[in-house]
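Right, one structure below, let's go through it.
Residue numbers (my numbering), protein chains in the order written: chain B, 10 to 323; chain V, 10 to 323; chain G, 10 to 323; chain C, 10 to 323; chain H, 10 to 323; chain E, 10 to 323.
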């Protein structure tokens, strides 16, 4: 080889998340024995306002090297307890949105087939849909915790397309990837174009916790309701970094003032302890809008919280 | 026309706030039928430390396009309920401070004469004085909520001039634009040069709520006091963005650590629901110091809260 | 109206380029009488590396207000000599690349039908193809000056798609939009993946002037050759800002060190005086990567040079 | 003199902290009569990740000019009550870490000998060790409040050196500079490499208050425990700015999401009122990573709180 | 003293330019024996577009510490040959433009009375007028080299005021501060509003060298003409940093693409060797728009070139 | 393994330069068969002003992925002609400068023993000394092209230490690593502290080409002299990015205005064609001071030019 071909470069040529070993992607069963697999998805073709989330995996990989194994709150030695490997970045054709979804779903399915839990680093939130499809294909209808400033249940009339980063939850609901009443939306606060937009997910029994309600109820109270409601169901977490306030996460394409603090975000994920986490994504980090990498550091910390949840069950 | 003359460019050549229609400023009664008029005032000639607030209207106009009509907390369809129009930027001679005040006062008076509520986007806080003069001329002595890290009641001895961005509240008090006991100062925390500086406004019965007191009392408790105290009086809100902590609002010229969070700022404005809002300004946003537009996004959100208050009464 | 609908906002809600009057787009013949029409195209769906050029029209509109009418080198009063109007931004569906090209071509054709010269502000260089299609449909095969660090003649094998910002010149050549021997590529310097990539355009008689050759020959010598070669042919200029060195134009998605200086770029356009300019675009400005707007200022200056060329013939 | 020699430039050529008078360092007893002396230490040779804290004294000096004398919460006229002087920057040889520690210790000792309280502005946290040595040499074993995201008790095995910014507290404990049971560590939250790392300081009776515990207990409750526990002991505060969340303090080399807010940090220092403060440092501000100086403004505010504590006892 | 009063802080509390000793401003003849005096003028009240030049003295002071005494091209040991002292910043009332001009003129006159050459660091170019008044008062009508992208001869009709940063050369011409035919304007390139604007200075015999002419003639040829034309006359240099291209000097308020390179700027000043320099200013550096201090570094280098010219004659 | 140990992470966990394959560093002869080996050296412990060059290998690795194999000027397919591999980053103890030099020298020696040419990416210029030691140990006294704004021949009296980034050429001369008369210093322009500093290298027959001389002579003339003078000697190139003007390379710790353009820098390296290149380093890139990665892109381009020179001889 002279220079690595694109696919090879995306898979093997990336600095690993959390200084983890890389899966041997030339092996027939690259994820055998892994408890968790991290995948980067450098795709932002579904962005409606400020693109750039395609570079989030690179930025988060870089800063995640500062994270160590021992979790001081859960008191668990995450990377010694859980066999986590880096599956590299998914190799994507950037201009064919349908193919993008197919490729992502196939990659996540491969992780699940190996018995490992996928931790996906977007990219924009478009990538959540194929992840949810793969995970629901394996585990059946899911409980989904959706942390976001926005509903993400837009219809095709808004931007003239049925698929983009404002739509994954709509498809997940209509495709029955989510069990009725098991979509928990946390961090909502953006204004809407039409009064009825808020009703779509509610029509599927979604529990919607806007920031104003969260402030009245407190995070622990919310967590208690979620833990009780989800119970033994397989749980998928899709975390849009814009759920967090722009002060803590300036590096995102559609910021909305008045969001979660970094501490609330971490506390929230820690409080999911005991639930059966079967997959997670962190999306919408846009490094070119970040400052001093604080958004990427936070995204790495959120992923680490997810991995810690998984390690507690390992 | 080849190129628009300066005045025309400032009035008709600006991207509208919140994607609103522009008032037809060539008409004899441009604001007829409007419930609210937004005016940009690109003036920062009264800045003592870091200038640049003259560019705030442009920045806030640009990002405010992301705000939609339906308010999820108040459950009001703001721009369908309230006829809001953009009056463009006020055309100012930049080097004659006295004339600047005259022009602003005249423009705001024109809005009021049309029966509309003025929402003013500074500029530095110098612009609050002519706004208050115009509003008080119409409504009589006002109740004023002044959200700020600083008193803004400096005397001429400090900078050798009686008028600049540290003085508008002093003039408003001495000119009886504010009803005695009806100045509510929230967010105060900057250190002072002389012990007695804090006493000026207090001498007029001002209620001063420093950050440390706010923390002890909570925002809802403060709001209850303000609602009770203001009652049916006409209320003007002047919001200096430096009341908010620099983490949430780095784009301002005289930042003071330890301020409001974005959520407290939004919650505070929402809590004025029910009061009779007759005018509002948001000032001291300095875009050149901002990062990823987070300060401008917040300023747009604060204006939207003011408009929502007005819509609730429409 | 409460808030402007998207299309209306893109057309009428933008700060005008160069403080020009806006075309009345509600009129049946909005461009009647215009000598030049400026169009923004906020599209970057064809970007392979760092997206964000969708925000270039807004940034260039904003800074172009500092440009005045009288051109000191050509000694022409550009905006008094030439009736230039702002046609707003083209309203695009962001996720359907085929439709995007159709819409752009239709808009540019409308400008041409009115007898005006289109000046297009991208967006990524994908937008050059539909512009070339519209202009060639009216004027026949064109002479094209292509200022760029890259060939932009990639085939579908590189990114798995026949249309993106690395391909417009390939299509323009194969569709005979360019007269054989009349593609002038200036500023080339990026390394290539395969030796044969350089041969594609050359096979159509393209004249390729890499930076190293330009340095040996000087800009005036190059201009003499172009003027002689183009003669009376209709000339289209497509200017990728990455032709300029990153020091002068940091705000672009695929920077290549060693490019044109700002003075060479301006001198080059000035030297096209006397040729028959029938259209021009400036593309690949990515504001989020810019600093102190220097790239946007340069892009505005380049557009102004194009307008001056057109004014000289008006 | 033509240009000032390096040492002279560092001592006399710096803009003074808080607009204070400079000590006459050519006098034999430069600090005579001073109640507090501020010293800048432009050293970051002990940084493990992102260096640059050497420029913190310059940045904090610059912004501290905005701080005024009267403290609105403590209601004390700080700089009129307390005679504070600026001792300039310590003149350091940048490449000899052992000599650096010696020089710092000597300078701080000189301040103490004059009966003044040292307020030290790092530099990285390496500088805390020689400060503690000097202060303990005068006052005996100390009570130390260590505000930090990290333990700073690393052993030599981590980076192959016994002295760097991750080690000062280890040395302070082993050298008995801190009274057993009197190390109060606040703000801890970073993950560790090995489970046992948390145990080192605990083995010396350190009280460790991680962010998660702080959230459960509240700052006032923590302060009550510290005030009770410290009592009449001489108290030294070493404040690593990374204890604060990156949203409020992005300008630091090893940021950890989930930290103190600026208000908690200020409230915490205010709550030490009544204790016997014998020295303080603020370290790890890295201006090149800061935005709009917000980290430097906060560091200046923290120093001012320390000075106010000292003024209350003056 | 508790905190230094404003005036004292501006004069004695600044990091000195080039690590020079500070003049003892409490002495009755503070500049006695000095060959050159550097003065900062933190004023930008005459800015028409982006203010912030008030902070230039602080930024240039800071970076000028990296400049050493020995000049490698002129082979002169600048600060050993020339007794240069720092006169601090001029203490200005920020809101009274007339008084500002008076104070500046008085300060510069004081330098001249001591027999020293003033080197002034703006501030916006408004400050050039009082400098020219003071220098012409002492030396009679001057030869002036004006390096700038703009004419700076605007009349009061443009911004409604006769005095601001676009006017100093107009006043200097009409007040006969400049000998007829001895205004040399270099770097001109900005477009104008009206064709006749270029004629004002030309009517006084000004020699105007636009960038396009400079490119044709070369810097050495231009210098030969200036040296010949100026001869033994007293020469004042006013250097607006926007003469330099934004790539080399992004930190300025009204950037114009296509300017001098840093090397041309330095070469130009070096080429004034042998002329009788009686004063110089460097203006319009706006640090908040700068990146990595490159504009401030260049401004310091330009001042150093001026000092070297003076040292050659010392 | 849970997380990679530090050494392993530095060697195998880095995104490869230029998308090259990584050497198998677990093999006994990792560089067997390679024509060129790239090594990152993340060390900046020898920096006197602004540190941060330790992060240059990561930044340059990241952007170098945009460079392709075929060189359009030399018309050589670099990475197909030359077997280049990535040797990872050298694993360094950050606080022991002596050990750092030993480790670097050993690593470079290992590359040379395998018959490959080392291409080293600093770090600060301290790293050039051990590289020169290793290369001279193999090839005997070298011809050295030193591109830099500074002499780098400081003695220990300047910063109190004999080894830092201002000293490597002094040691290289005194240790006879460089053949007498074969040090070619290009780009010099910084002012010096003492007149005699320029004489040190000259005393060893160094040819010093300051920027001012370069401008008079042109790059091709200089290259002719170097080619003639070096002849068949083994040539080492040490390239300090601060030789380039800050406009093109803002990301460096001690910028000096008036340097090389990016085109001159590239042209200069291309002109070394035909000489026997035995090693090269590119140093002093400081990413935290960079903007839009333009300095890193340039550094990658300079390395690519070096690799192309080597490929031409492969």
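Heads up, the beta-carbon is just placed ideally off N, CA and C, and yes, glycines get one too.
Keep in mind the model is a prediction, meaning the values are calculated, not measured.
So the alpha helix (DSSP H) residue i belongs to, where does it begin and stop?
i                      : result
residue 148 of chain G : 137-148
residue 175 of chain V : Run containing residue 175 of chain V: none; DSSP gives neither H nor E here.
residue 165 of chain H : 165-168
residue 66 of chain B  : 65-73
Excluding five sequence neighbours on each side, which residues of the same chain lie with their C-beta closer than 7 Å to the C-beta of residue i?
i                      : result
residue 137 of chain H : 177, 247, 290 and 292
residue 42 of chain G  : 92
residue 186 of chain G : 141, 142, 145, 150 and 151
residue 148 of chain E : 243 and 287
Locate the beta strand (DSSP E) running through residue i, then write down its first and last residues.
i                      : result
residue 323 of chain B : Premise fails: residue 323 of chain B is in no beta strand (DSSP E) and is neither H nor E.
residue 126 of chain H : 126-130
Work out the CA separation of residue j and residue i for me, nearest whole Å.
i                      : j                      : result
residue 319 of chain C : residue 45 of chain C  : 8 Å
residue 170 of chain G : residue 210 of chain G : 19 Å
residue 300 of chain B : residue 271 of chain E : 28 Å
residue 118 of chain E : residue 32 of chain E  : 16 Å
residue 280 of chain V : residue 85 of chain V  : 15 Å
residue 275 of chain H : residue 252 of chain G : 27 Å
residue 304 of chain G : residue 108 of chain B : 35 Å
residue 28 of chain V  : residue 22 of chain V  : 14 Å
residue 296 of chain H : residue 194 of chain E : 33 Å
residue 324 of chain G : residue 278 of chain G : Here chain G comprises residues numbered 10 to 323, so residue 324 of chain G is not present and cannot be evaluated.
Near residue i, which residues of its chain fall below 6 Å by C-beta distance, leaving aside the five closest residues on each side in sequence?
i                      : result
residue 49 of chain C  : 66, 98 and 130
residue 163 of chain C : 175 and 176
Short of 8 Å in beta carbon distance, which residues of its chain neighbour residue i, apart from the five on each side in sequence? Order them along the chain.
i                     : result
residue 38 of chain C : 123
Discussion item. Under 9 Å, CB to CB, which of the residues in the stretch 236-260 of chain V have a partner in chain C?
Written reply: 254, 255, 256, 257, 259 and 260
Worksheet entry | Contact the stretch 225-234 of chain G vs the stretch 99-111 of chain E: 3+ CB pairs below 8 Å | no
Worksheet item: Mind listing which residues of the stretch 173-204 of chain C have their C-beta closer than 9 Å to chain V's C-betas, in chain order?
Response: Listed in chain order, the positions of the stretch 173-204 of chain C with a beta carbon within less than 9 Å of a beta carbon of chain V would be empty, since no residue qualifies.
Item to complete: Below 8 Å between beta carbons is the criterion; list the residues of the stretch 49-65 of chain G that meet it against any residue of chain E, in chain order.
Response: 58
Practice prompt. Identify each residue in the stretch 10-23 of chain V for which the Cβ-Cβ distance to at least one residue of chain G is less than 8 Å, and report them in chain order.
Written response: 10, 11, 12, 13, 18, 22 and 23
Item to complete: Please name the residues in the stretch 262-279 of chain B whose beta-carbon is closer than 9 Å to at least one beta-carbon of chain C, in chain order.
Response: 270, 271, 272, 274, 275, 276 and 279
Discussion item. Counting beta carbon pairs with one atom in the stretch 106-114 of chain G and one in the stretch 233-245 of chain H, are three or more of them shorter than 8 Å?
Written reply: no
Worksheet item: Should the stretch 62-82 of chain E be regarded as contacting the stretch 143-153 of chain E, the criterion being three or more beta carbon pairs within less than 8 Å?
Response: no
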